[in-house]
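All remarks here apply to the structure that follows.
In this note's numbering, the protein residues as written are 14 to 177.
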């Protein structure tokens, strides 16, 4: 049995450095994208230029969908509108109900869908619970650059290793 904590691809990269061709080689045609930490810094509403450009290129190749635990509809709707993407806010990851709704709306085979996020205990667990691929990325700082040290992720990785 596969652990719900297992990451399919621990990229060690910010989302905008993820290769679209690598995603395609992995059979991925649809992406569920976490918002806070993954696309934007948690304390900012500004989508970094590098992220915008990655989204623009990715939309040519993949079906994209934002899925966020953030309870602010206003915040997530603003980001979704700026990127012209469908979204779910207040998703309660790792609970799978709303993630499964997004998967159903995408209408693709789960084996061809991946979730990209910066947290094991939310994004990766819900991806595994929904039987989709999981991709871990580096969290972004206020300047849109990957943070150098992520204490939360370090703790999550340690716990994941211990309870494997």
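Beta carbons: idealized from backbone N, C-alpha and C, even for Gly.
Are there three or more Cβ pairs, one per stretch, closer than 8 Å when the segment 79-92 is compared with the segment 17-34?
No: fewer than three Cβ pairs fall under 8 Å.
Tell me the DSSP bridge mates of residue 147?
Position 134 of the chain shown, counted from the start, is the residue given in the question as residue 147. DSSP output for residue 147 lists 128 as bridge partner(s).
Could you spell out where the beta strand (DSSP E) holding residue 77 opens and where it closes?
As a position in the chain shown, residue 77 is number 64, starting the count at 1. Boundaries of the beta strand (DSSP E) around residue 77: 76-80.
Under 9 Å, do residue 166 and residue 152 count as touching if we go by C-beta distance?
Here the question's residue 166 lines up with position 153 in the chain shown. Here the question's residue 152 lines up with position 139 in the chain shown. Cβ atoms of residue 166 and residue 152: closer than 9 Å.
Whether residue 130 touches residue 59 by CB criterion (9 Å)
Mapped onto the chain shown, residue 130 falls at position 117. Mapped onto the chain shown, residue 59 falls at position 46. In this structure, residue 130 lies away from residue 59, with their beta-carbon atoms at least 9 Å apart.
Once you ignore the five residues that flank residue 93 on each side, which residues in its own chain have a CB closer than 8 Å to its CB?
In the chain shown, residue 93 corresponds to position 80, counting from 1. Taking residue 93 as the centre and dropping the five residues before and after it, the same chain places the C-beta of 79, 99, 100 closer than 8 Å to its C-beta, in chain order.
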